[in-house]
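First comes the structure, then the notes that go with it.
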Amino acid sequence: MHARQMITPEKTGVAITDFADLSQAHHELDALFTEHQVALIHFEIEKSLQLLASFRSAIEEHIRFEEEDLIPLYGELGGDNIEGGRVDFYLKEHRKILKLLDVVEEAFSQSSIRRDGDGARRILDILEMEHSLKALLTHHDQREESFLYPFLDKVTSRDQKRTLLSRTDLPIRLRRIAETRGK
Ligand SMILES: [Fe+2]
Ligand SMILES: [Fe+2]
325 MHARQMITPE KTGVAITDFA DLSQAHHELD ALFTEHQVAL IHFEIEKSLQ
375 LLASFRSAIE EHIRFEEEDL IPLYGELGGD NIEGGRVDFY LKEHRKILKL
425 LDVVEEAFSQ SSIRRDGDGA RRILDILEME HSLKALLTHH DQREESFLYP
475 FLDKVTSRDQ KRTLLSRTDL PIRLRRIAET RGK
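Next comes the structure, spelled out in structure tokens:
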């Protein structure tokens, strides 16, 4: 895990005390993606690309945390037997999310988007690709919020919960960064 500055929750209004609170990571990721799309439809291409890059690094960090710290424990404690909550569902969806993100980035990298009719059509094409990504994210987040997080809240001890949750401050950092952008 890379070094980063710890940010206090009091300053953002986001606090992670239960696994269920990780839904705030999903909300912050969604908000970041929406900001990227808003910049895109305004032809603010550089800004939209920067926001997309921030989204990628944030979602990779979230996925890494889930795959290294949460899902193995969830599997060990019996979560894999939950209908709709099998370990491989989460893992396959993570791979698919990252693949769709590759497709979107590839669409941007073909050539620069100009502020004209062709550019507008390219943006429409990209928004359609992004629609598939957003639909998958919604589905995946619902699965985790229905099975992964509540199960871990039920089966972990208070100490285990505290230790595991201290390993992520992503929702707090994302909120803080969004606030500095005035969102
Ligand atoms: Fe996930
Ligand atoms: Fe998640």
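For what it's worth, the working numbering labels the leading residue of the sequence shown as 325, then goes sequentially.
Where is the CB? At the ideal position from N, CA and C, for every residue including glycine.
For residue i and residue j, I'd like the C-alpha separation in whole angstroms.
i              : j             : result
glutamate 391  : leucine 415   : 8 Å
methionine 453 : leucine 460   : 11 Å
serine 530     : arginine 410  : As displayed, the chain neither begins before 325 nor continues past 507, which places residue 530 out of reach and without an answer.
arginine 499   : arginine 491  : 17 Å
histidine 463  : aspartate 440 : 35 Å
histidine 455  : arginine 445  : 15 Å
arginine 419   : arginine 467  : 15 Å
serine 435     : lysine 371    : 16 Å
arginine 505   : glutamate 384 : 22 Å
histidine 350  : glycine 408   : 19 Å
isoleucine 340 : leucine 346   : 7 Å
leucine 472    : glutamate 417 : 13 Å
leucine 422    : valine 362    : 21 Å
For residue i, count neighbouring C-beta atoms within 10 Å of its own C-beta (all shown protein chains included) and say buried if the count is 16 or more, exposed if not.
i             : result
aspartate 465 : buried
histidine 366 : exposed
glutamine 348 : buried
valine 428    : buried
Kindly give me the distance between the Cβ atoms of residue i and residue j, rounded to whole angstroms, as I take these residues to be in contact under 8 Å.
i              : j                 : result
isoleucine 437 : isoleucine 369    : 5 Å
leucine 353    : phenylalanine 389 : Not quite, the Cβ-Cβ distance comes to about 12 Å (not below 8 Å), so this is no contact.
lysine 458     : alanine 355       : Their Cβ separation, rounded to whole angstroms, is 12 Å, which puts lysine 458 and alanine 355 out of contact at 8 Å.
arginine 375   : histidine 360     : Checking the sequence shown, residue 375 turns out to be leucine, not arginine. Indeed, because the Cβ distance is near 4 Å, the residues count as touching under 8 Å.
leucine 476    : tyrosine 398      : 6 Å
isoleucine 509 : leucine 364       : Residue 509 lies beyond the range of the chain shown here (325 to 507); nothing can be said about it.
If distances are taken between C-alpha atoms only, which option among the options comes closest to residue i?
i             : options                        : result
serine 470    : Gly441, Leu425, Gly403         : Gly403
glycine 337   : Ser435, Leu472, Ile496, Asn405 : Ile496
alanine 344   : Glu429, Thr358, Lys485         : Lys485
aspartate 412 : Pro396, Asp493, Phe357         : Pro396
leucine 401   : Pro474, Arg505, Asp493, Leu494 : Pro474
aspartate 493 : Glu407, Asp442, Ala382         : Ala382
alanine 502   : Lys478, Phe357, Ile340         : Phe357
alanine 377   : Glu468, Phe432, Asp342         : Phe432
aspartate 426 : Asp442, Asp483, Leu373         : Leu373
Residue i CB to nearest chain D CB: under 8 Å?
i            : result
tyrosine 398 : The question asks about chain D, but that chain is absent: this structure has only one protein chain.
First and last residue of the alpha helix (DSSP H) that includes residue i?
i                 : result
histidine 386     : 369 to 389
phenylalanine 475 : 473 to 479
histidine 418     : 411 to 433
serine 436        : No alpha helix (DSSP H) contains serine 436, which DSSP labels as neither H nor E.
glycine 441       : 441 to 467
arginine 505      : First-last for arginine 505: undefined, no H or E at that position.
alanine 344       : Premise fails: alanine 344 is in no alpha helix (DSSP H) and is neither H nor E.
aspartate 483     : 482 to 489
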